[in-house]
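Enquirer: Structure in structure tokens, see below.
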Amino acid sequence: MKDFGAPERKYLRPEQGLTVIDGRVVEGYASLFGVKDQGGDVVQAGAYRTSLARLAAKKAKVKMLWQHDPAQPIGVWDEVREDATGLWVKGRILTEVERGREAAALLAAGAIDGLSIGYRTLKSERDGKGRRLLSELELWEVSLVTFPMLPEARVQAKSEDEWHWRQLAQVFEDARRQLAER
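For what it's worth, my numbering labels the leading residue of the sequence shown as 147, then goes sequentially.
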């Protein structure tokens, strides 16, 4: 089924973690294959393949935006690729830009911990279980965001004091589990 709808967004707080190195280099998964999000969508393996090939042929790049705002680019994605897990990205936050400095500070503090993709659905189908299976997407941008679509996923920051961040992430995970059990 072809589904040429309006632009869509998927928010993700990746299980594998979003890594921040030296406050500027960001890497992690922007999308996970086979995982149902809060909107009932499941991105299938290979969904980005054609879009990434088109971008490469044009020597164009996926944009790094702040909260999906096209007026607020905050960096560049140097690598965007599919692997067996999902859509992996690696890029640089431009701290020479005011919003980039703010984003780097918020990431370091753990106030921002999600990635979100901006795309258009080209092919999808319903599976009879209330899920929309997304098989081909036109990827436009990957944003750093406040609220991800996959709440069970996690982000960790990596810096000089990596142990501190791991401990802090564990405190949040324990609190989340306790709230979920109530």
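Glycine included, C-beta positions come from ideal geometry on N, C-alpha and C. Keep in mind it's a predicted model, so treat the numbers as computed, not measured.
Below 8 Å on the Cβ atoms is my contact criterion, and I expect residue 235 with residue 226 to pass it. Report the Cβ-Cβ distance as a whole number of Å.
Expert: Residue 235 to residue 226, Cβ: 5 Å. Contact.
Enquirer: What is the DSSP secondary structure of residue 231, reduced to helix, strand or coil?
Expert: In this structure, residue 231 counts as coil in the three-state DSSP scheme.
Enquirer: For the 8 Å Cβ check, are there 3 or more pairs between the region 245-254 and the region 177-192?
Expert: With a cut-off of 8 Å, the region 177-192 and the region 245-254 do not count as touching, because too few Cβ pairs lie within range.
Enquirer: Leaving aside the five residues before and after residue 308 along the sequence, list all residues of the same chain whose C-beta is less than 7 Å from its C-beta, in chain order.
Expert: Its pLDDT being 42, under 50, residue 308 is placed unreliably by the model, and the measurement read from it follows with that caveat. Closer than 7 Å at Cβ, skipping near neighbours: no residue.
Enquirer: Between the beta-carbon of residue 285 and the beta-carbon of residue 267, is there less than 7 Å?
Expert: The answer is no: Cβ separation not under 7 Å.
Enquirer: Of all the options 229, 220 and 214, which has the alpha carbon lying nearest to the alpha carbon of residue 172?
Expert: It is 220.
Enquirer: On the three-state DSSP scale, how would you describe residue 383?
Expert: In the structure displayed, the chain extends from 147 to 328; residue 383 sits before or after that span and is not available.
Enquirer: Considering Cα atoms alone, identify which of 214, 183, 184 and 188 is closest to residue 269.
Expert: Residue 188 is the option with its Cα nearest to residue 269.
Enquirer: Rounded to whole angstroms, what's the CA-CA distance from residue 271 to residue 278? Just pull it up for me.
Expert: About 6 Å.
Enquirer: Any idea what DSSP makes of residue 196, helix, strand or coil?
Expert: Residue state, collapsed to three classes: helix.
Enquirer: Measure the alpha-carbon distance for residue 261 versus residue 276 and round it to whole angstroms.
Expert: The alpha-carbon atoms of residue 261 and residue 276 are separated by roughly 24 Å.
Enquirer: Label residue 245 either buried or exposed according to how many other C-beta atoms from any shown protein chain fall within 10 Å of its C-beta, with 16 as the threshold for buried.
Expert: By the 10 Å Cβ count, residue 245 comes out buried.
Enquirer: Apart from the five residues just before and just after residue 232, which ones in its own chain have a Cβ nearer than 6 Å to its Cβ?
Expert: Within the same chain, residue 232 has close Cβ partners 175, 177, 178 and 179.
Enquirer: Rounded to the nearest angstrom, what separates residue 197 and residue 282 at their Cα positions?
Expert: Their Cα atoms are separated by approximately 8 Å.
Enquirer: Apart from the five residues just before and just after residue 182, which ones in its own chain have a Cβ nearer than 7 Å to its Cβ?
Expert: Around residue 182: 188 and 277.
Enquirer: Can you tell me whether residue 257 is buried or exposed, with buried defined as 16 or more other CB within 10 angstroms of its CB?
Expert: With fewer than 16 Cβ atoms within 10 Å of its Cβ, residue 257 is classed as exposed.
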